[in-house]
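So that you can map any letter, position 95 of the sequence shown is 98 in my numbering, and since no number is skipped, the others follow by simple counting.
By construction, the Cβ of each residue, glycine as well, lies at the ideal position given by its N, Cα and C atoms.
First the structure, in the form of structure tokens, and then the observations on it.
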Amino acid sequence: MTDLAVASPAGSAELDAPVRDRLHLESLPVVVDRLLQSRHDLGAAAGLTHIRRVADSVLLDLAGPVSGLAALRTFSALSVVLDPAEPVSGLRRSLNSGLLSVLGVRAPSYRVAPMASRAALIAAIKGELGWANAPSAWDVNVTTAGHRGELLIAQVGPLHRSRRFPALRRIPASANPLVAWLLVKLAKVEPGHSLLDPCCGAGTILVEADVAGCGPLYGSDIAAAALQAARANLPDPAVLLDSTPADRLPHSDGSIDRIVSNLPFGKRVGSHQGNRDLYPALLAEAARALRPDGRAVLMTEDKRIFEQAVQSTHGIKVVKEVTLSTGGLHPSAYVIERTRAHRRAVKHGTRPRWPPCRRIRVPTCNAASDTNRTMRPCTR
Numbered sequence: 004m005t006d007l008a009v010a011s012p013a014g015s016a017e018l019d020a021p022v023r024d025r026l027h028l029e030s031l032p033v034v035v036d037r038l039l040q041s042r043h044d045l046g047a048a049a050g051l052t053h054i055r056r057v058a059d060s061v062l063l064d065l066a067g068p069v070s071g072l073a074a075l076r077t078f079s080a081l082s083v084v085l086d087p088a089e090p091v092s093g094l095r096r097s098l099n100s101g102l103l104s105v106l107g108v109r110a111p112s113y114r115v116a117p118m119a120s121r122a123a124l125i126a127a128i129k130g131e132l133g134w135a136n137a138p139s140a141w142d143v144n145v146t147t148a149g150h151r152g153e154l155l156i157a158q159v160g161p162l163h164r165s166r167r168f169p170a171l172r173r174i175p176a177s178a179n180p181l182v183a184w185l186l187v188k189l190a191k192v193e194p195g196h197s198l199l200d201p202c203c204g205a206g207t208i209l210v211e212a213d214v215a216g217c218g219p220l221y222g223s224d225i226a227a228a229a230l231q232a233a234r235a236n237l238p239d240p241a242v243l244l245d246s247t248p249a250d251r252l253p254h255s256d257g258s259i260d261r262i263v264s265n266l267p268f269g270k271r272v273g274s275h276q277g278n279r280d281l282y283p284a285l286l287a288e289a290a291r292a293l294r295p296d297g298r299a300v301l302m303t304e305d306k307r308i309f310e311q312a313v314q315s316t317h318g319i320k321v322v323k324e325v326t327l328s329t330g331g332l333h334p335s336a337y338v339i340e341r342t343r344a345h346r347r348a349v350k351h352g353t354r355p356r357w358p359p360c361r362r363i364r365v366p367t368c369n370a371a372s373d374t375n376r377t378m379r380p381c382t383r
């Protein structure tokens, strides 16, 4: 298996060399719309033409360096589009002057995914190109894509998102990095914004916020394993991580610009019953800690419980709901802002009237267990 010279591809000499190829960029629903827009924004100046969407991916022609594409955080796999009638010729051409040339090797390792012509294609690649068939350690993965598998593509392993950027530690139910990128975008962050993830897990959202220039960054999680993974992903001591429960945020009233989090769905983490207590408690603290012009983006699949909790939380409202598809689930990202009445009260110097605190039983936020603890859902 080949590795490119640097973890961040933008400065790689191989990626700065001009290539000519038809490419396939794999993304996710909703995220692909942002990817498509960024490609149109760059357009012909970056050597990109014939840009179009197919399912949750983007097809385009590249005549120029790969570095601009490789630096994007909005797609996972980058592939060469092959002619199903002459796939071996397409691989040979790409290795000589196309995307595969950035690998810097003359005989990449490869695998062929299950398909009707799999055995014949394996034999043809090995016989005509002399490549090594290595299903568990491949540089090139020949597979299908599109609405009905009508496209034949060759994925380039070293240019997958997980290898274009520093490797991330993961824990069960960690956010897909593409989804984390989208959540941060929905928050409309600006450089210098303070950002809090009260259920930070391995810190995937905080990583994307850091790339976007946010700071200071705060992450909380009561699971020790999650915090260990988050610290490995965010070694900068300026990123403040702690085990504070979601209902006891150590931040003063109106002090946080953005709150972004992947909440427990009540499936792999937590429970539906537990979310009945967790969500109101977390939202009460979010409402307290957000600045008057602040914004929260919270993702969950336990939608009814979450929407009920928002309706019962003073001073906030949902301004947008974005339905996603990730890992076989269909969660929603809820964009939350202050109500007009709350902003008006702050503008005129009237102290917002927070509802009375009550003691409730709240489950852990990102722990594998469903242990309940007595907590206060808001502070004065």
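Selection from the options that minimises the alpha carbon distance to residue i
i	options	result
D142	I262, L28, H254 and G160	G160
V242	D200, S255 and G257	D200
A228	A176, G195, G216 and S197	A176
P87	A249, D36, T342 and G152	G152
P90	A157, S264 and N236	A157
S264	L124, I125, G149 and P180	P180
R341	R307, Q276, I262 and I308	I262
L266	L220, F309, P169 and G195	F309
L186	N136, S70 and A215	A215
P21	R56, G71 and P248	G71
A178	L327, L252, A348 and R347	L327
D280	S315, D260 and S246	S315
D59	G50, A312, V35 and A183	V35
A138	P117, A148 and T147	The sequence given here places Pro at residue 138; Ala does not occur at that position. Comparing Cα-Cα distances from P138 to each of P117, A148 and T147, the minimum goes to P117.
N236	T207, T52 and L220	T207
N136	G149, A122 and T147	A122
P238	N278, A183, P169 and S246	P169
Y282	S197, C202 and S112	C202
A73	A226, R56, L102 and R95	L102
R96	W184, V349, D24 and S82	D24
A148	V325, F268, G318 and S30	S30
L154	V57, I174, A232 and L198	V57
P248	K306, L124, A226 and A344	A226
A140	S112, L124, K323 and D213	S112
V349	R291, V321 and E324	R291
D296	D224, Q276, A212 and R343	R343
E17	L106, L162 and R55	L106
W134	H150, S120, A110 and L124	A110
S197	H150, D224, A119 and H254	H254
V33	T52, V182 and A127	V182
Rounded distance between the beta-carbons of residue j and residue i, thought under 8 Å
i	j	result
S104	L98	6 Å
V145	V115	5 Å
L3	G257	The displayed coordinates of the chain run from 4 to 383. Any statement about residue 3 would go beyond what the structure contains.
A205	R172	5 Å
V84	H27	5 Å
G284	D250	Reading the sequence as shown, one finds Ala at residue 284 and not Gly. A284 to D250, Cβ: 4 Å. Contact.
L39	F78	Not confirmed; about 10 Å, so no contact.
L230	L220	With 8 Å as the limit, L230 and L220 do not qualify as a contact, their Cβ atoms being about 14 Å apart.
G222	G195	Actually they are not in contact, since the Cβ atoms of G222 and G195 sit about 18 Å apart, beyond 8 Å.
L94	L132	6 Å
H333	E304	7 Å
R76	W184	5 Å
A232	I319	At roughly 30 Å, the Cβ-Cβ gap does not stay under 8 Å, so A232 and I319 are not in contact.
V325	V313	15 Å between Cβ atoms; not a contact.
Heavy atom of the ligand FMN within 7 Å of residue i beta-carbon
i	result
V91	For the ligand FMN, the structure offers nothing, since it holds no ligand at all.
Beta bridge counterpart(s) of residue i as assigned by DSSP
i	result
V61	L28 and R56
I156	V84 and T146
V338	V300 and K323
I262	L199 and A299
R114	N144
A135	S112
T329	L332
G67	V22
L51	L65
Q) Considering only residues of the stretch 159–245, which uninterrupted beta strand (DSSP E) runs meet the minimum length of 3 residues and lie entirely inside it, listed in chain order? A) You should have 198–200, 220–223 and 243–245.
Q) Does the stretch 185–203 come close enough to the stretch 53–64 that 3 or more CB-CB pairs lie under 8 Å? A) No contact exists between the stretch 53–64 and the stretch 185–203.
Q. Three or more beta-carbon pairs under 8 Å between the stretch 300–318 and the stretch 329–344, yes or no?
A. The answer is yes - the stretch 329–344 touches the stretch 300–318, with three or more Cβ pairs under 8 Å.
Q | Inside the stretch 283–321 only - beta strand (DSSP E) runs reaching at least 3 residues | A | Runs of beta strand (DSSP E) with 3 or more residues, each lying fully within the stretch 283–321, are found at 293–303, listed in chain order.
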